[in-house]
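Protein chains in written order, with my numbering: chain C, 387 to 660; chain H, 25 to 346.
Backbone N, C-alpha and C fix where the C-beta goes; we use that ideal spot for every residue, glycine too.
Each remark here refers to the structure printed beneath this line.
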Amino acid sequence: MSRRPSARALFAERSALALAVALFLAPVAWMITTAYKPARDIFSIPPTFAFQPTLANFVGVFRYFDLAHLVESSLIISLGAAALSLTIGVPAGYALARARTKWAIGLAYFFLAVRTVPPVATLIPFYLLMRDIGLLGTWWAVILIDATLNTAFVVWMMFSYFRSLPKEMEEAALTDGCTLFGSFARVALPLVRPGIIASALLCVMFAWNDFLYSSFLTRAESKPISVALLTAYGTKDITWGTLGALAHFSTIPIVLIALLLNRYFVQGLTRGVH
Amino acid sequence: MSGLRRRFAPRNDGVASPAVIVHGRRLSYQSRRRLFLILLGAPALIYVVAIALWPLARGIGYSFYDYSLLPARTAFVGLDNYAALWTNEAARQSIVTTAVFTIAAVALEFALGLGLALLLWRDHPFQRACLALLLIPVTVTPIVAGLVFRALLAPDYGLIGYYLATSGLSSPHGLFGDPTTALSTLVAVDAWQWSPFMALILLAGLKSLPTDILEAAEADGATALQRFRMIVFPMLLPAVFLALVLRTMDAFRIFDIVFATTNGGPADATNVLMIYAVKQGLEFFNIGFASAIANLMILCIAVFSILFIALVRRADKRANEL
Numbered sequence: 387m388s389r390r391p392s393a394r395a396l397f398a399e400r401s402a403l404a405l406a407v408a409l410f411l412a413p414v415a416w417m418i419t420t421a422y423k424p425a426r427d428i429f430s431i432p433p434t435f436a437f438q439p440t441l442a443n444f445v446g447v448f449r450y451f452d453l454a455h456l457v458e459s460s461l462i463i464s465l466g467a468a469a470l471s472l473t474i475g476v477p478a479g480y481a482l483a484r485a486r487t488k489w490a491i492g493l494a495y496f497f498l499a500v501r502t503v504p505p506v507a508t509l510i511p512f513y514l515l516m517r518d519i520g521l522l523g524t525w526w527a528v529i530l531i532d533a534t535l536n537t538a539f540v541v542w543m544m545f546s547y548f549r550s551l552p553k554e555m556e557e558a559a560l561t562d563g564c565t566l567f568g569s570f571a572r573v574a575l576p577l578v579r580p581g582i583i584a585s586a587l588l589c590v591m592f593a594w595n596d597f598l599y600s601s602f603l604t605r606a607e608s609k610p611i612s613v614a615l616l617t618a619y620g621t622k623d624i625t626w627g628t629l630g631a632l633a634h635f636s637t638i639p640i641v642l643i644a645l646l647l648n649r650y651f652v653q654g655l656t657r658g659v660h
Numbered sequence: 025m026s027g028l029r030r031r032f033a034p035r036n037d038g039v040a041s042p043a044v045i046v047h048g049r050r051l052s053y054q055s056r057r058r059l060f061l062i063l064l065g066a067p068a069l070i071y072v073v074a075i076a077l078w079p080l081a082r083g084i085g086y087s088f089y090d091y092s093l094l095p096a097r098t099a100f101v102g103l104d105n106y107a108a109l110w111t112n113e114a115a116r117q118s119i120v121t122t123a124v125f126t127i128a129a130v131a132l133e134f135a136l137g138l139g140l141a142l143l144l145w146r147d148h149p150f151q152r153a154c155l156a157l158l159l160i161p162v163t164v165t166p167i168v169a170g171l172v173f174r175a176l177l178a179p180d181y182g183l184i185g186y187y188l189a190t191s192g193l194s195s196p197h198g199l200f201g202d203p204t205t206a207l208s209t210l211v212a213v214d215a216w217q218w219s220p221f222m223a224l225i226l227l228a229g230l231k232s233l234p235t236d237i238l239e240a241a242e243a244d245g246a247t248a249l250q251r252f253r254m255i256v257f258p259m260l261l262p263a264v265f266l267a268l269v270l271r272t273m274d275a276f277r278i279f280d281i282v283f284a285t286t287n288g289g290p291a292d293a294t295n296v297l298m299i300y301a302v303k304q305g306l307e308f309f310n311i312g313f314a315s316a317i318a319n320l321m322i323l324c325i326a327v328f329s330i331l332f333i334a335l336v337r338r339a340d341k342r343a344n345e346l
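This is the structure:
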């Protein structure tokens, strides 16, 4: 970028950016405000921006949904899948980064390739398998399949982080009498903490936002909030306002986490992809 | 960012590590180390093979059978399911729809993403704050994104849809309700959610460009457009290919937004392959045919990935020569 831009160019650049931000955030803003609109303002003809704020939609959410249970399902699925994928994915990323064979790079590419498979290709056989072994409709079914894509993601991401970490410190620790496991867990692992946080963040986001797997692998008693959102639509007495209120619990937590941990979120999006 | 080639260039691993020098322990240390790394890596590999690869293999098996649960029947049919992908008009239409959607969505997202990335390039708190805010759509649950746009575009009470319908800019059934506009509306919704991601990848590429070349070009009197065309864009190509391939793969697999808005309709106008496969497999339990659709998708992605790797290698080489 040029070093000394004119004031007019700067102003034009910022106005364009501000306009873009406003346009991209408008649907989210609409979703949030809808939750506080009474039904007559949502369905008014012609549509109106002005409304009398109300919490009636939130009352509706608690009346029509077992919200605590939906959030519990979402939490168990997304945290369970993230924990499983990090537990097995981080050590594997380390192993691939430190192995001295050509195989390691081939395997890293294999994990990358797994992430590109369209979900329906694994879902159909997996659905039949879960049905046969009686796990269909449980949280386990979703956790297990979410964790495959997540593991592949974590391995690739951590592979990239560990590779950019110099080996010298681990080697020094080894000469000082540290065990192999110690050189991994106590020397290398703390140094890639940003990578682990970024991986965890994206794993949770992926499983929390997932709809396809959960909608076919869970039942009424185990469905997460993302599935409830859609099954709610079209049901009697449920308005867009109720959905807006429900979306508060499905979308806003992730948005806030991504904003608070923005640095890690950006790292996860840019480094995990190539 | 500057790519696969540099990252995977062979490294000099022949240097003996301190612990290896000790004579007599050399072999045992090396094999202990190898065993340790295998133990660390094995769980993830076994897990992914068992839970992802094994179902995929079964899916390939199913695709050669007329395998249906309702009514229950299993008969070996060879390649008939694959032949049906072309002879069956709905399947052929679905392939075309998916291709049109993918190309249109990625092109629009690239144009918007590049524009945003150039606006975000300056290293300033204002730009950083805008980037953080622009990434919010990426985190929105795709099902929610679909529902929000469905509500906004509803012709009878939607904030946008009502005016589009009354002014005659959309059909009385709304943008999603008209077969001629439904797919392009989905393209727009997808672009709303993913252009910021495209911008982020391109921005990472822009920020890794060497500033001295750009400053030299500016000192030599090159206009902004010339600098972009002759220097920035050619050097940005690796990031461009990366951004394009990531979005192409995702757009090709679009499901949630379509499911929440049109669910393949109206009149199959938005019946993309994922929707088609899920309906065939998990609604009609026509497992054999659904598996064939899914395998076709895998094949397309595989061919595409190979093409992409070749392109990135060439672009990387060119960018390094510049």
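- Taking a Cβ-Cβ threshold of 7 angstroms, none of the residues of chain C is close to residue 87 of chain H; the smallest such distance is about 10 angstroms.
- Contact of residue 472 of chain C with chain H is not assigned, every C-beta pair being separated by 7 angstroms or more.
- For residue 518 of chain C, the uninterrupted alpha helix (DSSP H) segment begins and ends at 505-519.
- Boundaries of the beta strand (DSSP E) around residue 97 of chain H: 96-100.
- Following the DSSP letters along the chain, one finds residue 90 of chain H in no alpha helix (DSSP H) but inside the beta strand (DSSP E) bounded by residues 89-93.
- For residue 604 of chain C, DSSP records a beta bridge to C/523.
- Along the stretch 276-298 of chain H, going in chain order, the ones with a CB nearer than 9 angstroms to a CB of chain C are 276, 277, 279, 280, 283, 284, 297 and 298.
- Under the Cβ criterion (8 angstroms, minimum of three pairs), the stretch 469-485 of chain C counts as touching the stretch 533-552 of chain C.
- A check of alpha carbon separations from residue 226 of chain H across H/259, H/242 and H/194 identifies H/259 as the nearest.
- Residue range 453-484 is occupied by the alpha helix (DSSP H) that includes residue 479 of chain C.
- Judged by their CB atoms, residue 648 of chain C and residue 156 of chain H are nearer to each other than the 7 angstroms cut-off.
- In this model, residue 497 of chain C and residue 467 of chain C are separated by some 17 angstroms (Cα to Cα).
- Residue 235 of chain H sits in a helix when the DSSP states are folded into three classes.
- Rounded to the nearest angstrom, the Cβ distance from residue 287 of chain H to residue 299 of chain H is 7 angstroms, consistent with a contact under 8 angstroms.
- The DSSP-derived three-state label of residue 541 of chain C is helix.
- Cβ neighbours of residue 207 of chain H within its own chain (closer than 7 angstroms, five residues either side excluded): 121, 124, 125, 293 and 294.
- In its chain, beyond the 5 residues on either side, 176, 177, 178, 179, 194, 198 and 199 have a beta carbon closer than 8 angstroms to the beta carbon of residue 185 of chain H.
- Secondary structure of residue 550 of chain C (DSSP, three-state): coil.
- Relative to residue 119 of chain H, the option among H/144, H/278 and H/235 whose CA is nearest is H/278.
- Bounds of any alpha helix (DSSP H) do not take in residue 304 of chain H, whose DSSP letter is neither H nor E.
- Between residue 597 of chain C and the set C/584, C/611 and C/589, the nearest pair of CA atoms involves C/611.
- The beta carbons of residue 506 of chain C and residue 302 of chain H sit closer together than 7 angstroms.
- The continuous alpha helix (DSSP H) containing residue 417 of chain C extends over residues 393-420.
- In the DSSP assignment, residue 639 of chain C falls within the unbroken alpha helix (DSSP H) covering 638-646.
- Contacts with chain H at 7 angstroms (Cβ-Cβ) do not include residue 638 of chain C.
- Counting only Cβ-Cβ distances below 9 angstroms, residue 612 of chain C has contacts in chain H at 165, 166, 167, 168 and 280, in chain order.
- With 16 or more other Cβ atoms from the protein chains shown falling within 10 Å of its own Cβ, residue 595 of chain C counts as buried.
- Annotation: Cβ neighbours of residue 273 of chain H in chain C (cutoff 8 angstroms, chain order): 502.
- Cβ contact annotation for residue 633 of chain C (same chain, cutoff 6 angstroms, sequence separation greater than five): 417, in chain order.
- Shown here, residue 180 of chain H sits in coil according to DSSP, grouped into three states, outside any helix or strand.
- When Cβ-Cβ separations below 7 angstroms define contact, residue 97 of chain H makes no contact with chain C.
- Counting the other CB atoms within 10 Å of its CB gives residue 265 of chain H a total of 16 or more, which places it among the buried residues.
- Counting along the chain, the unbroken alpha helix (DSSP H) around residue 258 of chain H starts and ends at 257-276.
- In terms of beta-carbon proximity, residue 548 of chain C stays away from the interface with chain H, with every pair separated by 7 angstroms or more.
- Within the stretch 254-269 of chain H, those residues whose Cβ lies closer than 8 angstroms to any Cβ of chain C are, in chain order, 266.
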